[in-house]
Amino acid sequence: MVKSGILLANIGTPEKPETKEVKEYLKHFLGDKRVIDKPRWQWLPILHGIILNTRPKKSAALYSSIWEEAGSPLLIHTKSQTNQLQALLPDVSVKFGMAYSHPTISESLKSFEEEGIEEITVIPLYPQYSTTTTASIHDAVFRHYLKVESIPKLHLIREFTSHPLYIELLRKQILAGIKKYQPELLVFSYHGLPVSYVEKGDPYKEQCAETTAAVFDGFDIEIPYKVTYQSKFGPEEWLTPALDATLKELPSKGVKKVLIITPGFVSDCIETLEEIECENREYFMENGGDEFNYIHPFNGDPEFAKLLLEIAK
Numbered sequence: 011m012v013k014s015g016i017l018l019a020n021i022g023t024p025e026k027p028e029t030k031e032v033k034e035y036l037k038h039f040l041g042d043k044r045v046i047d048k049p050r051w052q053w054l055p056i057l058h059g060i061i062l063n064t065r066p067k068k069s070a071a072l073y074s075s076i077w078e079e080a081g082s083p084l085l086i087h088t089k090s091q092t093n094q095l096q097a098l099l100p101d102v103s104v105k106f107g108m109a110y111s112h113p114t115i116s117e118s119l120k121s122f123e124e125e126g127i128e129e130i131t132v133i134p135l136y137p138q139y140s141t142t143t144t145a146s147i148h149d150a151v152f153r154h155y156l157k158v159e160s161i162p163k164l165h166l167i168r169e170f171t172s173h174p175l176y177i178e179l180l181r182k183q184i185l186a187g188i189k190k191y192q193p194e195l196l197v198f199s200y201h202g203l204p205v206s207y208v209e210k211g212d213p214y215k216e217q218c219a220e221t222t223a224a225v226f227d228g229f230d231i232e233i234p235y236k237v238t239y240q241s242k243f244g245p246e247e248w249l250t251p252a253l254d255a256t257l258k259e260l261p262s263k264g265v266k267k268v269l270i271i272t273p274g275f276v277s278d279c280i281e282t283l284e285e286i287e288c289e290n291r292e293y294f295m296e297n298g299g300d301e302f303n304y305i306h307p308f309n310g311d312p313e314f315a316k317l318l319l320e321i322a323k
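With the working numbering applied, the sequence shown has no gaps in its numbers, which climb one by one up to 323 at the end.
Set out below in C-alpha cells:
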C-alpha cells in the first residue's frame, strides 16, 4: 500500500510579536520575488536599507494586539485544521508547512521523507490562485526537491475558487451573519494585488470574481453587496475599490450598518483581526457609521476540514 501524505501550506507568521522576530519574518516574505516583483537591484536596497529598519517595530505592535496566549492566530488555526483533517484521515500523514516561517515547507517535506511517504498532496490554503501566494508555495516545493534524489508522486492543488463545499460554507456564513446583524450592505473584502501583476497574467482578480459569482449563483439575499480589496502596500496602483476608502465613503451615502466577509482568508491573521476589525472599523465609525460587523474565516470549523478532505480526494 502506498504511504500518502497531505501538506497544508500557508504564508507563515513571526515566531513572536517582537521587533527582531517580525524583522526576520518580513525579510523572507518581502524578499520573495513572487511577492515583490521588482528588479532585485532596485528592491533589495529599499528593503534592507529602509523597510526592515522602520516597519518591524510598528508591525510588532500590531501583532501584539492580536496575539493569543497560545501564539499567533494564524498558527493556532492552521494547527487546528491540520489536526482535524488528520482525524478524518487516520491512514494518511497530515502536516502543515509555512512559506516564510517554521515549520517551513521544506522541513515538513523532509518529515514526510523520514516517514517513507511516497505520494504527497500539497494544498495551499488560498482559495484563489495568485503568483504572490500559491506560486510561492509551489516554488518552495520545487526548491526542496531540487536537492532530493527520490521525488515522491506529487499532487499540487492550484485553487478551490468555486469548489461547491467552499461556496456552501461561505453561503452559510453569510446567511448567519445577515440573520444576526441585519446589515444594510454586505462587503466582500479580498486581499489586494498590484494592477501590474494582473496585467502580466496573474488570474487572481478573475478568480475573486469567480468566487463572488458562484456565491450568488442561485443564492438570493435581500441586501446589496459590494466587492473590495484590502492591504495595499507601497505606492503602486492596486486593485480597486479599496476597502478602507469604501468604508470611509459609505456613511455619507446612507449606509450605516455593514457586514464584512473575507472569502480569500481561511484563517484569521493580522490582515483580518487588526486591519479589518480594528483599523477599518475605525474608518467606518469615525465617518458616521453606526454598526460594523465582521464574519470570521473558517478557522477551526470542522466543516472546513471536510472541505480539505474533498479537495485532497
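All C-beta atoms, glycine included, are put in the ideal place defined by N, C-alpha and C.
In this structure, L17 lies away from I184, with their beta-carbon atoms at least 8 angstroms apart. A Cβ-Cβ contact shorter than 8 angstroms links L135 with V276. DSSP places M108 in the uninterrupted beta strand (DSSP E) bounded by 103-108.
Of all alpha-carbon atoms in K43, L156, K67, the one lying nearest the alpha-carbon of Y110 is that of K43. Beta-bridge partners assigned by DSSP to V276: none are found. Looking from the CA of G126, the closest CA among E320, T29, P162, P312 belongs to P162. For F198, the closest of G298, Y191, L175, A223 by C-alpha to C-alpha distance is A223.
With contacts defined by Cβ atoms closer than 8 angstroms, E169 and Q240 do not form a contacting pair.
Judged by DSSP secondary structure, A70 falls within the alpha helix (DSSP H) whose first and last residues are 62-76.
With respect to the 8 angstroms criterion, L179 and L318 are not classified as neighbours on the basis of their beta carbons. H38: member of the alpha helix (DSSP H) spanning 29-40, first to last residue. For K267, the enclosing beta strand (DSSP E) begins and ends at 267-271. In the DSSP assignment, Y139 falls outside any beta strand (DSSP E), carrying neither H nor E.
The alpha-carbon separation between V45 and L249 amounts to approximately 15 angstroms.
For the pair Y200 and P273, the CB atoms are nearer than the 8 angstroms cut-off. In the three-state reduction of the DSSP assignment, S14 falls in the strand class. Within the same chain, and ignoring the five residues on either side of K105 in sequence, the residues whose Cβ sits closer than 8 angstroms to its Cβ are G15, I16, L17, L18, T92, P113, S118, S121, F122. Straight-line spacing of the CA atoms in L98 and L36 works out to 34 angstroms. Its chain contains P261, S262, K266 as the residues whose beta carbon lies nearer than 8 angstroms to that of G298, once the 5 sequence neighbours on both sides are disregarded; these appear in chain order. For F302, the enclosing beta strand (DSSP E) has its first and last residue at 301-305.
The DSSP-derived three-state label of A252 is strand.
Around the Cβ of G187, a 10 Å sphere holds 16 or more other Cβ atoms; the residue is buried. In this chain, the alpha helix (DSSP H) harbouring S206 covers 205-209.
If only uninterrupted alpha helix (DSSP H) runs of at least 4 residues are considered, those enclosed by the stretch 113-168 are 115-124, 144-155.
In the same chain as T238, and ignoring 5 residues on each side of it, the C-beta atoms closer than 7 angstroms to its own belong to V197, F198, S199, P251, A252, L253, T256, in chain order. Excluding residues up to 5 positions away in sequence, L269, N303 lie with their Cβ nearer than 6 angstroms to the Cβ of Y191 in the same chain. Here L40 is not near I21, since their CB atoms are 8 angstroms or more apart. Less than 8 angstroms separates the beta-carbon of S82 from that of T23. Between T88 and Q138, the beta carbon gap of about 18 angstroms keeps them out of contact (Cβ cut-off 8 angstroms). Under the 10 Å beta carbon count, H58 is surrounded by fewer than 16 other beta carbons and is classified as exposed.
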